[in-house]
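K.L.:
My questions will all concern the structure given below.
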Amino acid sequence: MVSGDGAAGLPPIAALRRDFIWGVSTSAFQIEGATHEDGRGLSIWDMRCQRGEISNRDTADIACDHYHRYPEDIALMQQLGLQAYRFSVAWPRVLPQGRGAANEAGLAFYDRLIDALLAAGIEPWLCLYHWDLPQALEDLGGWTARDCAGWFADYAALVASRYGDRVKRFATFNEPSIFTLFGYGFGGAAEGAAGMDKMHRAIHHVNLAHGAAVDAVRHHAPGSSIGAIHNYQACLPSTPADTQAAAICDAYWNRVFPDPQCLGSYPPLLQAAMEPYIQPGDLERIKRPVDWFGLNHYGPKYVGTDANSLLGFGFGANPPELPLTPIGWPIDANSFRDVLLTVAKTYALPIYVLENGLGGFDKPDETGAIVDDNRIDYLRSYIGALNAAVAAGADIRGYFVWSLLDNFEWDSGLGVRFGLTYIDYPTLKRTPKSSFHWYKNVIETARKIRP
Ligand code: IFM
């Protein structure tokens, strides 16, 4: 155990393990840029950008230009004193058509990245899928096609056999519930048209893909530590009349992936909806042994009944007393503590918090400094809640801030900023924000007081 309570402005960390891992997370499409370089294929998000469906008609063609500037970004990670860095591999960069011939130039980029991380003493955590499905596969039905599970397993095998000598932490999917819910349920994302049949199919095929990828990674990268990353937030009724809507939201948002993956069954509320897609042996194919539970958390969701939504629910009013982030997300660190305890109890796996952070509209002040005290306050209270969950018995082994850099925030484009580092998009200059220096201090303190 370490003791950091009382340090000025720092969160309580006394309950954390000695080997607790401090990190940051990013994803390929959001930071890499170079979307047309070195043989990369197109993804469904390139197409959404090309269709002009992103706020301000932004694209991720350059984003943070991490593809070229990764040495500078690793220097920032070193400055932070990070132990680990979670990134994703862009499937269309290494397999431009999603399957078939691999792209050596794309594979070589991740060799360079991984080697540079290891040389800097930072452990690479590799996520296979952070939403950038190759468009060539979308043309064949994407996640609504059962074959997509096999395409994903082949891709996982390629990645694990290429990097498994150096990478020991693999995640299959980042937030599968978010891209299936928003892609097919609400119908407002890159996966295409909405429809309940499409959504349930996609959910089941992503679950099958997860199970197949776990097996592929175990086989090609023996000894590696494998998990999936779930966006898990309390789904609460906006009014007493919304209780059922909130329960359905909880089943889709929080449970429809981890339940079959870790417990071997779909949540009871969705059992009937999922039944038509389940073939004999599928639940065994999905529930493959994993080593940890990756948890992304931002704040509770208040849910309202909505007869006009395919799903029967939408987002309702937040309680007026709850503070909001600049982009309107509720801030409630106690809810984070409760979610951590629920996940620890339900799935009985070691937990790594692999995303947590605050989205805003940060701007440099007249001196050029980016003072984001609101982000520091948020992170401090959430790390404190994590410490409280550990003290109450949850096995939590690491915490990763979203994100190292401001980046392409999906439909919101480049306008919404989650970074510890400010990106001036016209020049691509990186400037650490106040929160960067604060997080560095948290990590330094935690590591110093370890015996
Ligand atoms: O930017 C996203 C990330 O890609 C997935 N989790 C939530 C973040 C903030 O919206």
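Quick note on numbering: the sequence shown equals residues 12 to 462 in my numbering.
Glycine included, each C-beta is placed from N, C-alpha and C at the ideal position.
1. Take the Cβ of G327 as the centre, count every other Cβ of all protein chains shown within 10 Å, and call the residue buried at 16 or more, exposed below.
2. Assuming G305 and Y358 make a contact with CB atoms under 8 Å, what is their CB distance in whole Å?
3. Pull up the distance between the alpha-carbon of R428 and that of L333, whole angstroms please.
4. Hey, would you say Q272 sits closer than 8 Å to I240, going by beta carbons?
5. Could you check whether H216 and A160 sit closer than 8 Å to each other, using their CB atoms as the reference points?
6. Confirm, please, whether the CB-CB distance from C75 to I125 is below 8 Å.
7. Does the beta carbon of S38 fall short of 7 Å from some heavy atom of the ligand IFM?
8. Can you say whether S188 is buried or exposed, counting buried as having 16 or more other CB atoms within 10 angstroms of its CB?
9. L21 to L27, Cα distance in whole Å?
10. By Cβ distance below 7 Å, which residues in the same chain neighbour S14 in space, the five residues on each side in sequence not counted?
11. DSSP state of V453, grouped into three classes?
12. Is DSSP giving A359 helix, strand or coil here?
13. I'd like to know whether the C-beta atoms of A399 and F31 end up nearer to each other than 8 Å.
14. Would you say the beta carbon of F449 comes nearer than 7 Å to a heavy atom of the ligand IFM?
15. Figure out for me which residue from G426, D165, A256, G238 has the closest Cα to the Cα of G109.
16. When burial is assigned at 16 or more other CB atoms within 10 Å of the CB, is D16 buried or exposed?
17. Return yes when the C-beta of N385 is under 7 Å from any heavy atom of the ligand IFM, and no when it is not.
18. Is it right to say M210 is buried, meaning 16 or more other beta carbons lie within 10 angstroms of its own, or is it exposed?
19. What do you get for G238, buried or exposed, if any count of 16 or more other CB atoms within 10 angstroms of its CB means buried?
20. Y143 lies in the beta strand (DSSP E); which residues open and close that run?
21. Might you give, ordered along the chain, the residues of its own chain that have their beta carbon closer than 6 Å to the beta carbon of M58, omitting 5 neighbours on each side?
22. Rounded to whole angstroms, what is the Cα-Cα separation between F193 and Q244?
23. Could you check what DSSP says for D435 in three-state terms: helix, strand or coil?
24. On the DSSP bridge assignment, give the partners of V412 in chain order.
25. Using alpha carbons as the reference points, say which of F197, W413, D383, A168 lies closest to K444.
P.N.:
In short, the structure shows the following:
1. Burial check for G327: the Cβ neighbour count within 10 Å reaches 16 or more, so the residue is buried.
2. Actually they are not in contact, since the Cβ atoms of G305 and Y358 sit about 11 Å apart, beyond 8 Å.
3. 21 Å
4. no
5. In terms of Cβ geometry, A160 and H216 form a close pair [threshold 8 Å].
6. no
7. yes
8. buried
9. 14 Å
10. Unreliable positioning characterises S14 in this predicted model, as indicated by a pLDDT of 38, which lies under 50. The coordinate reading is nonetheless provided below. The answer, listed in chain order, is A25, I460.
11. Note: V453 maps to helix in three-state DSSP.
12. coil
13. no
14. Before going further, note that residue 449 is Trp rather than Phe in the sequence given. No.
15. D165
16. Reliability fails at D16, whose pLDDT of 42 lies under 50, so the model's placement of it is uncertain and the value that follows must be treated cautiously. Counting Cβ neighbours within 10 Å, D16 comes out exposed, since fewer than 16 surround it.
17. no
18. Counting Cβ neighbours within 10 Å, M210 comes out buried, since at least 16 surround it.
19. It counts as buried.
20. What sits at residue 143 in the sequence shown is Asp, not Tyr. Premise fails: D143 is in no beta strand (DSSP E) and is neither H nor E.
21. Q146
22. 15 Å
23. Looking at D435 - three-state DSSP - the assignment turns out to be strand.
24. For V412, which the question treats as bridged, DSSP gives the partners V35.
25. D383
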